[in-house]
Amino acid sequence: SGRFAEPLLTEQRVYFPAQEDEPEARLPFEAIIHFTNSDAVPNFTSPWKVFAPKCSTGTGFSIGDRRILTNSHVVQHSTSLRVFKHGVPGNFEACVLCESAVCDLALVTVDDDDFWVGLPSVKFQEAAPELDDTVCAVGYPLGATSVTLTRGVVSNVKMSDLSLTNVQEQQLT
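Residue numbers for the sequence shown follow UniProt numbering, so the first one is 1 and each next one is one higher.
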């Protein structure tokens, strides 16, 4: 059984690499955020219409400074975005600060101060996982209403560069 260190975000999941020399570390389930999104996808063939609204779910991670990191596809075309803290009843209204479909990433915030009380943040490792590293992935996959944890071994590492052109940088304050 492995012990877990700081998480690393790679390809839509946060991984917690096992570190045998690390002291016992508890997975930061409280930093894992469950999203529900009611969306209205535009109908590009009939721009005056939208497709029937649908509800989807996803996972995000508190990263500090009142920000949650999630995937763009989790929040895209949102008409009502709600977040749930792990183990806490009730939900909070959330709003998208910025998103990139190219990177499939989005930053989200919650204006309600009560949401942030006692909410820890994940810290990202600077190194990518290596072949044969033991890792675990946590989140709310495929509409799950409780957090799931999956352990495994890295069997392939593929890194790719992302090159963006004509993109204006915006600093969030």
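Every residue, glycine too, gets a C-beta built ideally from N, C-alpha and C.
Sequence-distant residues of the same chain with beta carbon closer than 6 Å to residue i, five excluded per side
{"i": "Asn80", "result": "Here residue 80 turns out to be Ser, not Asn, going by the sequence shown. Cβ neighbours of Ser80 beyond the five flanking positions: Ser38."}
{"i": "Gly139", "result": "Thr59"}
{"i": "Arg151", "result": "Cys136"}
Cβ neighbours of residue i in the same chain (closer than 8 Å, five flanking residues each side left out)
{"i": "Thr148", "result": "Val138, Gly139, Tyr140, Pro141"}
{"i": "Met159", "result": "Ala128"}
Exposure of residue i, with buried meaning 16 or more beta-carbon neighbours within 10 Å
{"i": "Leu69", "result": "buried"}
{"i": "Pro28", "result": "buried"}
{"i": "Glu24", "result": "With a pLDDT of 38 at Glu24, under the threshold of 50, the modelled position of this residue cannot be trusted; read the value that follows with caution. Looking at its Cβ environment, which holds fewer than 16 other Cβ atoms inside 10 Å, Glu24 is exposed."}
{"i": "Ala31", "result": "buried"}
{"i": "Val74", "result": "buried"}
{"i": "Lys54", "result": "exposed"}
{"i": "Thr46", "result": "Note on residue identity: the sequence assigns Ser, not Thr, to residue 46. Under this definition Ser46 is an exposed residue."}
Residues near residue i by beta carbon distance below 7 Å, same chain, minus five either side
{"i": "Val41", "result": "Val50, Phe51, His77"}
{"i": "Asp132", "result": "Val153, Val154"}
Three-state class that DSSP yields for residue i in the structure shown
{"i": "Asp39", "result": "strand"}
{"i": "Phe115", "result": "helix"}
{"i": "Ala106", "result": "strand"}
{"i": "Ser56", "result": "strand"}
{"i": "Phe61", "result": "strand"}
Nearest-angstrom beta carbon gap, residue j and residue i [assumed within contact, 8 Å]
{"i": "Asn71", "j": "Val83", "result": "Actually they do not touch by this definition, with Cβ atoms about 14 Å apart."}
{"i": "Cys98", "j": "Leu107", "result": "5 Å"}
{"i": "Thr36", "j": "Arg67", "result": "With a Cβ gap of about 19 Å, Thr36 and Arg67 do not count as contacting."}
Runs of 3 residues minimum, wholly inside the stretch 75 to 103: which ones carry the beta strand (DSSP E) assignment? 78 to 85, 95 to 100
Unbroken stretches of the alpha helix (DSSP H), 4 residues or longer, contained in the stretch 130 to 155: none
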